[in-house]
Structures are given as C-alpha cells and as structure tokens.
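Chemist: Numbering (the numbering used here), first residue to last: 101 to 379. Here it is, the structure, as structure tokens.
Below is the structure:
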C-alpha cells in the first residue's frame, strides 16, 4: 500500500542504542515554521530528560520551488521523510502507512511511538517522567483518546457533508459500513513499538482509497489482544498532560508554560530513571 521514499534519513534512530519515544508528526509540506517550533520544543534533545527522536512525514508536492526548499530542510535537519504520493488530506492514510513502514525498517530501538500533527503540542516532560516509564516493556499497547460504545458508530456521520474534509462517502466502505466498538478518536496516539510491524503488515491489505482511516482502528485485522492501559491522563480531558491543538502563538505560550513549570524538577526526577544510564 505504501510506496517508496523521495526523501529519507535512515539513521534518525540508529545513532543511539535506545530511545524512549519517537515522535512522528504528520506535517503539511509548507509548514516550515511549525516543524521548526516542534524541533526546538518537544523534539529538543538538549533539554529532554530521556532519549527522544522526532520525525516529520511529508507527501509529494507539485511546486518545484517548494520541493527544493524541502530538500534543503532535509539536508540541514535530516528529520523529514517524504513519501511517493501526493500530499493531500485524502492521502492521510498513506502518510500513516509511511510512518509504519519507516519505523518497521529503521527504528525498532524505540520503546514507544507518539503520533502528532504539526498543529499540536504536548507536555512532553509529563509523558517522559510520569507516564511512559511505568509502561516500559508493555506489548501491543495503544494509548489514545478512545471512544467506547455498545454499538458500532456509522462511518458516514449525518453531520458530515461532502464539503467537510472528514466526510467519508458510502462508496468507500461497501463491505465495511461501520467502525469497531472501541477506537481511537483523532490525535494523539502512543503505540508500543512491537505493535508497529503488525500494523504495517495489516496496512498492506487495506485499500489505498479508504478515506481518513487509521489502521489501528481495524478490529478484524489487528484489534484482538490490544492493551489499553487505564491511566487517568488518557481518560479525563482536564488532566495536566493534555495534548493541545491550535495556532502557533498559542502553542508556543503553552510550551513556555510547560517548560518553565517542569524545568526546575527535571534534574531530580531523572535521577530515578536508572534505565537511561549509559544512553
């Protein structure tokens, strides 16, 4: 389902023995400012208390000047991956498949994978110090904002019309008219890396024109045996580890608050994470 790479840096993860989490960001090609903000904040290795890497996912662009800019950015930072498919919202699924393919091939030394978009941010310190270490070694695990129902939800929602980008037509789901009972609702998602190759193999069997479908939500293929940890952070919206989405100015203010709040105790908190010694 997922083709090759136009831009690739296979050594993003291989420069260290162990990574606690790889942050994978679905990014719009022209969003250079957003990517730079994420590099300097949640992907900034010099200020984070544990090993983290960040990767930006891009599709093909038709503008030659923009492509040259993307190549220059790639040569400078080496953290962008460009797939051989047009970067459109309807190809969002292909971008997810690109991430699964790349991680399976090049980044099996990370404990977790965090999926984000470039208009979001996260209290990365809270995750690295308070949550993820407790689940090191977990298998087939997905953390996400989930929806649980005793009835499967219709894919074609009556409130979504064709002019809404989330709209999914009936023709794309002729044999699968409904979602599963338990599914992740949008971003973010944190996945244990052992599950990534399974998701990637499953993606090969999913039609490439299924609009706005993420592979973790396909129960018949990968849903069995999946663990969903009962952590309070992912059950209540008002918790302090909230992922947020919004304009750049707001996201930077959020980061300044998070960084200022966390910085004073990072040095003492990280002393308790013995697993990171030597990395």
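Just so it is clear, CB atoms sit at the ideal spot from N, CA and C, and this is done for glycine as well.
Buried or exposed: where does residue 223 fall if 16 or more other Cβ atoms within 10 Å of its Cβ makes it buried?
Modeler: That one is buried.
Chemist: With 16 other CB atoms within 10 Å as the buried threshold, where does residue 158 fall?
Modeler: The residue is buried, with at least 16 neighbouring Cβ atoms inside 10 Å.
Chemist: Would you identify the three-state DSSP class for residue 158, choosing helix, strand or coil?
Modeler: Strand.
Chemist: For residue 105 versus residue 197, is the C-beta distance shorter than 9 Å?
Modeler: Taking 9 Å as the Cβ cut-off, residue 105 and residue 197 do not qualify as a contacting pair.
Chemist: Would you check if the distance between the CB atom of residue 154 and the CB atom of residue 123 is smaller than 9 Å?
Modeler: Contact: yes.
Chemist: So does the segment 214-223 actually touch the segment 111-129, counting three or more Cβ pairs closer than 8 Å?
Modeler: Yes, the segment 214-223 touches the segment 111-129.
Chemist: Cutting at 6 Å between CB atoms, please list the residues of its own chain near residue 199, excluding the five before and the five after it.
Modeler: Answer for residue 199: 124, 157, listed in chain order.
Chemist: In angstroms with no decimal places, state the Cα-to-Cα distance between residue 195 and residue 160.
Modeler: Approximately 11 Å between the Cα atoms of the pair.
Chemist: Who are the near neighbours of residue 107 in its chain, counting only those whose CB is closer than 8 Å to its CB and skipping five residues on each side?
Modeler: The residues are 158, 170, 171, 174, 180, 181, 182.
Chemist: With a 10 Å radius around its C-beta and 16 neighbouring C-beta atoms as the bar for buried, classify residue 289 as buried or exposed.
Modeler: Buried: at least 16 other Cβ atoms inside 10 Å.
Chemist: With DSSP run on the structure shown, which of helix, strand or coil describes residue 116?
Modeler: In the structure shown, residue 116 sits in coil (DSSP, three-state: anything other than H, G, I, E or B).
Chemist: Would residue 119 and residue 209 be called neighbours here (beta carbons separated by less than 9 Å)?
Modeler: Yes, they are a contact pair.
Chemist: Cα separation between residue 142 and residue 151?
Modeler: When rounded, the distance between both Cα atoms is 12 Å.
Chemist: I need the boundaries of the alpha helix (DSSP H) containing residue 302, first residue and last residue.
Modeler: Here the alpha helix (DSSP H) through residue 302 covers 296-303.
Chemist: Just curious, the alpha helix (DSSP H) that residue 177 is in, first and last residue?
Modeler: Looking at the DSSP string, the run of the alpha helix (DSSP H) that includes residue 177 is 164-177.
Chemist: For the segment 204-239, which segments carrying the beta strand (DSSP E) assignment without a break, of at least 3 residues, lie completely within its bounds, in sequence order?
Modeler: If we require 3 residues or more, the beta strand (DSSP E) runs fully inside the segment 204-239 come out as 210-217.
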